[in-house]
Each structure stands twice: as structure tokens, then as C-alpha cells.
Amino acid sequence: MPLHYGSIVTEHLSVRRSVGLFDLSHMGQLEVCGEEAGKLLQNLCTNDISRLKDGQALYTLICQESGGIVDDVIVYRFTNMRYMVVVNAANIEKDRAWLETHNTTGAALTDLSEKIVLIALQGPGAIETLNTLVPHGDVPALPFFGFTRVTVAGISTLISRTGYTGEVGFELYVDVHDGEKFWNILYPAVEAAGGAPIGLGARNTLRLEAGLRLYGMDINERTTPLEAGLARFVKLDKGEFIGRNALLMQRKSGIRRCLIGFQMLGRKMIARTGYDVFREGLHIGTVTSGAPAPSLRCNIGFAYIDLDGKHSPTNLNIDIQIRGKRYPAKIVKVPFYSR
Amino acid sequence: MESHEWFRQEGDVAIIGITDYAQAEIQDIVYVELPDVGSYVTQKTEFGVIESVKAAFALYAPVSGKVIAVNESLEDVPEFVNTSPYDAGWLIKIRMTEEKELEALLDAERYQAHIGA
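Chains as they are written, first to last, in our numbering: chain A, 1 to 339; chain B, 1001 to 1117.
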């Protein structure tokens, strides 16, 4: 995936206005099969895998015993004997090792990352674009996080109502041998719909506006889902899972820092990863992601800030130090953008 | 960004900007931070910043001297650096103080070779 195909802003806006095509073949897919597959995943994931029905997927964290985040992933259930875990590219090896280490019950693990190509189609024109390529011109209606297998332009495709942009859209999984052909079919269909291919730069601004965390930037092994504001993906009452004890304790004692979304009050200054955050002169945190928000015409970001217990963070005024000077910003609700 | 600034000499004044190659690499310029008129810049040291959607890029002075003008139109239209890097997108004018610094600079031909064009 290139950084851009021309302009990050143009690409960003074409996803918001029409449709964008993303080559995500770098993402990893780990298949978990066998009678014990569900049990293994239930023990590794913070979300409740047992609630999944066939053809449903969910977003979940995988945590260490300490509660630190190993990865954020999507788990797909094909049957109670077969699941697929879609993982971040940088974490494929780590996640595979993590699954193998904890696979005490004999589930069959297969790394399909080199065998599967993932292409995303995102934006208000995504359904219409896909309709032009499927039999009878009609994509099966899917709920958010639902998936099914469909023939797209003659190619067997797993279509999933998921994405990383805050828009309606699909993630499309095909066999690696069909990957190039598939892209070459989708590309003109997307262009005909007024859309464009999208690079990594716009993928980042789209996900940031949509309030979606990026592993390695906003979350990592030194942050917990509770600190990251992802508690709704942690089901502490589902039974035992790795990290549960630490997260239970953290919930009881209260988190000392949390991830917040902020908006710069001026139009010009952009907070970037690693910049320091202040409140009333005191250092209270660090920016983890920051960028201009092309759809919102302001500059936004995520930061971890220390909680003093006295103030609710929302609407709090903060300052962010940019090249030695401090500039005002305000803590705002996340997502920054929603359709 | 280091070494991707151009300069044009007019007597003892140098007009400074970034090259077409650099603007294409940076893309989507949204903000340009320039020094104050009257301040001094030193060769090979940072004199300002260009912010794109993706990242912040430091600007390095090709020559030393006193800043006698900055391109104020970039305050409202930073895109000039993308659309017209050698003309409307110029950055600053410097009254040069170290004539011999010029010897170390690349001419256009050697710069083209440097970026592999």
C-alpha cells in the first residue's frame, strides 16, 4: 500500500463522498479450526466470542496477563469449528506465536496471510459499486460486522460489512491467485463511480476522524483497553480470559490515565505523535496520533492524559507543545466524525 | 527535506523555496511556519517548518543571512508551495552575509543527479 496515489486530501474526501479502494493485502489472517477453536479464542479475546453466530464477526482486543494489548483484531465465525482472526500486519508473527503458545487444547492453527488478499471498498457508493459486479446486481444485505461468500466478477469472495473509515463499506477477501485480477476489476468500477484508490495517508486520516485506534500508535502492550477507552469490547463477566484479573483490578482501582480525543482551537497548528500535553502549566500527557481532519477542517488527535480524579476530561481545555510553544486545544467527544 | 531547498541569487539577496521534487514528496501542504523578518538564519540549520497532512518537515537554510522578507501569501494559501514551488510558493528572502557559502551548493544539474532524475 503506497502512502498516497497523488493527494491524501483528495483520496480522503473521495471516500467520504463516493467510494475508495484500499489494497490491504499486508493484513494478516490466522485460521483457527477444530472443536476447541471457540474455546481457545474465548480465552484469548476480551470480547465475548461465544455470542458470535455463523456469518458474524466482532472486534476484540487480545491482552497479556497484565492487561496490556497484544493486538486488536476482528474474529470471524464461519462455523463453531472454524474461525478466522484478522490481525495487524506488524503483529502477524507475534499473534501467531501467542495463539500457538496458548493452544493447549489442540485447535488447528493456520497462517493464511500469504494465501489471502484483502481489499476494502469504503464509502457511500460502496454498495452500488459492488452491485455492478455481483450476480443479479444485488449484494446480499448484511448487518454491520456480518459476512458471507459471494461471487464478485466471477471470483469467489468473502464480503464483510466492516471497515476502518467510519463509512459504509466492505472488506473483501479473495485467494491470493485472484488478487491482481480482482484489483483490476474493482479499480475501473470504483473509478466509474467517481471514486479512487486510497493510500496509507488517507487511511490514517479517515480512521482518526472515525475515532478508531491504531495499534502501535494509540494502543500497545503498555496500554490496556480500559485506558484506551475500549471498555465496551471487554466483557469482564463472560468468564475467564487472559488479562481479566488485571483488568478487573484496574476497573476496581480506577484508571490513572486515559485516551482522549482533542481538537486544536487554532486552524494552523497540528499536534503530532509524541508531542507533550499540558493543563494549567502542568505536564499531563502525550499525543499518540495527530493530523489535519480533511472532512472537519480542523486539526485533531488522540492523547493519553493523566486523570486527577477531579475533572471529567470532556471539554477540558489543554495545551499542546509544538516546536517549543504551547497552543490551546480542547478535549472533545470521539468519534470526531460520524456519518 | 535536507538539501531540497532552491535559492535564486539577486545581487546579495537570496530568494529561497523548496524544489518541485520536494513539494511532490511532501504533498498536501497545509501550513508553512517561517521566521520573522529581521531575524537571522544560518546555513544548514532549520529556519522553518512545512506541515503536510502526513507530517512536519523542517526547512534548512541554504545560505546564512538576515531575513528581509517572507512570503505572507502562504499564511492563507500554503498550497502555493505545491502548485508553484519556484514562483508563488517562494518562502523567504535573505540578505546574504557569507558569500563563500555559495561554493558548497549544488547547481540544478547536480541536484537532478542527486535526486536521480
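The C-beta atom is built at its ideal place from N, Cα and C for all residues, glycine as well.
Given the structure is predicted, the values throughout are model-derived calculations rather than measurements.
For A/P292, the C-beta contacts it makes with chain B under 9 Å involve D1028, V1030, Y1031, E1051, S1052, V1053, in order along the chain. Contacts with chain A at 8 Å (Cβ-Cβ) include B/A1056. In the same chain as A/T286, and ignoring 5 residues on each side of it, the C-beta atoms closer than 8 Å to its own belong to G274, Y275, D276, V277, A303, Y304, in chain order. In the DSSP annotation of this structure, the continuous segment of the alpha helix (DSSP H) that includes A/W183 starts and ends at 179–192.
Distance from the CA atom of B/G1089 to the CA atom of A/K268, rounded to whole angstroms, is 18 Å. Here the alpha carbons of A/G123 and A/T165 stand approximately 8 Å from one another. Between A/F22 and the set A/G290, A/A97, A/L3, A/D111, the nearest pair of CA atoms involves A/L3. For the segment 16–83 of chain A, the continuous alpha helix (DSSP H) assignments of 4+ residues that do not extend past its boundaries occur at 37–44, in sequence order. A/I8 sits in a helix when the DSSP states are folded into three classes. Separation of the CB atoms of B/G1048 and B/I1094 is rounded to 12 Å, and the pair is thereby denied contact status at 8 Å. A/T79 is the residue among A/I116, A/L172, A/T79 whose C-alpha sits nearest the C-alpha of A/A37. Per DSSP, the continuous alpha helix (DSSP H) segment holding A/Q250 begins and ends at 244–253.
At a Cβ-Cβ threshold of 8 Å, A/G211 and A/P135 do not count as neighbours. Per DSSP, A/A202 is one residue of the alpha helix (DSSP H) stretching across 200–209.
Using a CB distance below 9 Å, the part of the segment 311–338 of chain A facing chain B consists of I322, R323, ordered along the chain.
Against chain B, a Cβ distance below 7 Å from A/V9 picks out D1028, V1053. Straight-line measurement puts the Cα of A/V19 at about 32 Å from the Cα of A/R82. With a cutoff of 8 Å on beta-carbon distance, A/L307 and A/I255 are scored as near each other.
Taking the beta carbon of A/I270 as reference, the chain B residues within 8 Å of it are V1030, Y1031, E1051, A1056, listed in sequence order. About 6 Å separates the Cβ atoms of A/V174 and A/I155, confirming a contact at the 8 Å cut-off. Per DSSP, A/W98 is one residue of the alpha helix (DSSP H) stretching across 92–102.
Along the segment 98–158 of chain A, the beta strand (DSSP E) occurs as fully enclosed runs of 3 or more residues at 108–111, 116–122, 147–152, listed in sequence order.
For the C-beta of A/L3, the chain B residues within less than 9 Å are, from N- to C-terminus, Q1027, K1054.
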